[in-house]
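S.K.:
Residue numbers (the working numbering), protein chains in the order written: chain A, 1 to 243; chain B, 1001 to 1243.
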């Protein structure tokens, strides 16, 4: 793990790093001492580790909850090179989006393709970050919407260090078997008027989660329009389960 | 308005009262001085103003939020006499419950029958309680599940003093037109495995609410099994909108 930059803003220290080929960023409280729970955030499709929503949420989680937050570029996203196979899968997804109608199959193909790589990558990132004194070995949380849910659900299902997850903006296609292996407490966010994920597909994914402790929060609005107050609510959820 | 008893416990003063034929109870912070937002709580079918869930919730709202909370017996409930017409409607509902299957029609008939009386009663109670120095005239909230939603939705739709409402555990039958007149912020609680309200009927009532600001919280479990953490969440919802 190699740190490439370190800056501080509004009480939050941001360190960029690379772990092998993976570019990442770690946010911690400025002048933090000692261990704290870690939250891994997965970005959406076409986004990257420092997409504005991730940065804003990370700042609140660090300053209001005292958490450490880490985000990395997914394969073929952000600062990472795009593979030929990704370009082919992405072209099929784009064609389905342009054609209109149901693109659940193409979306599931894309996420299954990426998750094969992200699950082991994210496990390695967590191991490396938890070696730092300011993080430390311990329970962690996961936060991811849309593609961050499509890649996050397999990670949460596979990784026993994850003790609580905020997922959402994703349908059941390609994730039914994975969801049946998710048993930690889950907060699931659904947009009632989602223009990308049919409502019934999102409700079916919430239904498929095996967790005994799971809560669906549905708000009016389109795919990208989760209300700001849900950030505070997610923060309290993580504090309750990791604090 | 005539007060009949006054006791204090754990920082909460409880005053029982009657307003005409309506028996009620008011909870305020012990030694409270000055005005504060009021929350009216509507109890469930077969319950009464001091049913354990109402009392426990009222205590948290008073001690943690500084609110005043009032609850009254619905007609034919608690300390109030039962009318012949109520007995007839209740017998039809009981028969439908025993027969199994869909009892949405009988439930809607019961709630429509009662709401004709509770809306003006509750408006009179709010007016009387808001004349007290420790409450005062101002914005108020409403909380009610199940029958408390069936009677509460018409109250929220009719009463402009209500600025935020927590509703839930109720289906759309008999409430579609009422819901289309509810425009204040609403928190809607739904139990994913509700044994009394079919899931799709509850989702349809949430959908029918005209409020631009509405959030559905769905948790696993049966009709009466709303998790305790939703009380804290409702409290923060009221604080955000009435505080």
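For glycine and all other residues, C-beta sits at the position ideal for the given N, C-alpha and C.
Report the option in B/1104, B/1001, B/1228, B/1065 whose CA atom is closest to the CA atom of residue 1032 of chain B.
M.R.: That would be B/1065, whose Cα lies nearest to the Cα of residue 1032 of chain B.
S.K.: Taking the straight line between their C-alpha atoms, what separation do you get for residue 124 of chain A and residue 1152 of chain B?
M.R.: For residue 124 of chain A and residue 1152 of chain B, the distance between alpha carbons rounds to 52 Å.
S.K.: For residue 1120 of chain B, does the count of other Cβ atoms within 10 angstroms reach 16, so buried, or fall short, so exposed?
M.R.: That one is exposed.
S.K.: Tell me the residue span of the alpha helix (DSSP H) that contains residue 229 of chain A.
M.R.: Where residue 229 of chain A is concerned, the enclosing alpha helix (DSSP H) stretches over 229 to 242.
S.K.: If residue 1002 of chain B sits next to residue 1018 of chain B, beta carbons under 8 Å apart, how far is it from one beta carbon to the other, in whole angstroms?
M.R.: Sure, about 5 Å apart at Cβ, within 8 Å.
S.K.: Name the DSSP bridge partner or partners of residue 43 of chain A?
M.R.: Paired residue(s): none; residue 43 of chain A is not in a bridge.
S.K.: Which value, in whole angstroms, describes the spacing of the CA atoms of residue 69 of chain A and residue 1046 of chain B?
M.R.: Roughly 49 Å between the two C-alpha positions.
S.K.: Please say whether residue 140 of chain A and residue 168 of chain A have beta carbons closer to each other than 8 Å?
M.R.: In this structure, residue 140 of chain A does not lie closer than 8 Å to residue 168 of chain A by Cβ.
S.K.: Between residue 208 of chain A and the rest of its own chain, which residues show a CB-CB distance below 8 Å, the 5 nearest in sequence each way excluded?
M.R.: The residues are 172, 175, 176, 179, 180.
S.K.: With a threshold of 8 Å on Cβ separation, who are the neighbours of residue 1075 of chain B within its own chain once the five nearest residues in sequence on each side are excluded?
M.R.: So the list reads 1083, 1086, 1114, 1117, 1118, 1121, once near-sequence residues are dropped.
S.K.: What span of residues does the alpha helix (DSSP H) with residue 52 of chain A cover, start to end?
M.R.: It spans 52 to 65 - the alpha helix (DSSP H) in which residue 52 of chain A sits, taken as one unbroken run.
S.K.: How many whole angstroms separate the CB atoms of residue 1067 of chain B and residue 1094 of chain B, which I take to be in contact at a CB cut-off of 8 Å?
M.R.: Rounded, the Cβ-Cβ distance is 36 Å, inconsistent with contact.
S.K.: As an exercise, report each continuous alpha helix (DSSP H) stretch of at least 4 residues that is fully enclosed by the region 1139 to 1175 of chain B, in chain order.
M.R.: DSSP runs (the alpha helix (DSSP H)) wholly in the region 1139 to 1175 of chain B: 1147 to 1150, 1152 to 1158.
S.K.: Taking three-plus beta-carbon pairs below 8 Å as touching, is the region 1234 to 1243 of chain B in contact with the region 1196 to 1208 of chain B?
M.R.: With a cut-off of 8 Å, the region 1196 to 1208 of chain B and the region 1234 to 1243 of chain B do not count as touching, because too few Cβ pairs lie within range.
S.K.: Against chain B, with Cβ distances strictly below 8 Å, would residue 59 of chain A count as a contact?
M.R.: False, the Cβ-Cβ gap to chain B never drops below 8 Å.
S.K.: Measure from the C-beta of residue 1214 of chain B to each C-beta in chain A and report whether the shortest distance is under 8 Å.
M.R.: Answer yes: the Cβ-Cβ gap between residue 1214 of chain B and chain A drops below 8 Å somewhere.
S.K.: If the cut is a Cβ gap below 9 Å, which residues of chain B does residue 217 of chain A touch?
M.R.: Neighbours of residue 217 of chain A on chain B, chain order: 1215, 1216, 1217, 1218.
S.K.: Is the region 1005 to 1013 of chain B touching the region 210 to 228 of chain A, taking contact as three or more C-beta pairs under 8 Å?
M.R.: Judged by Cβ distances under 8 Å, the region 1005 to 1013 of chain B makes no contact with the region 210 to 228 of chain A, as fewer than three pairs qualify.
S.K.: What three-state label does DSSP hand residue 16 of chain A in the structure shown?
M.R.: Note: residue 16 of chain A maps to strand in three-state DSSP.
S.K.: Span of the alpha helix (DSSP H) holding residue 1094 of chain B?
M.R.: First-last of the alpha helix (DSSP H) with residue 1094 of chain B: 1084 to 1099.
S.K.: Could you pull the start and end residues of the alpha helix (DSSP H) that residue 1106 of chain B belongs to?
M.R.: Taken as a continuous stretch (DSSP letters only), the alpha helix (DSSP H) holding residue 1106 of chain B covers 1104 to 1129.
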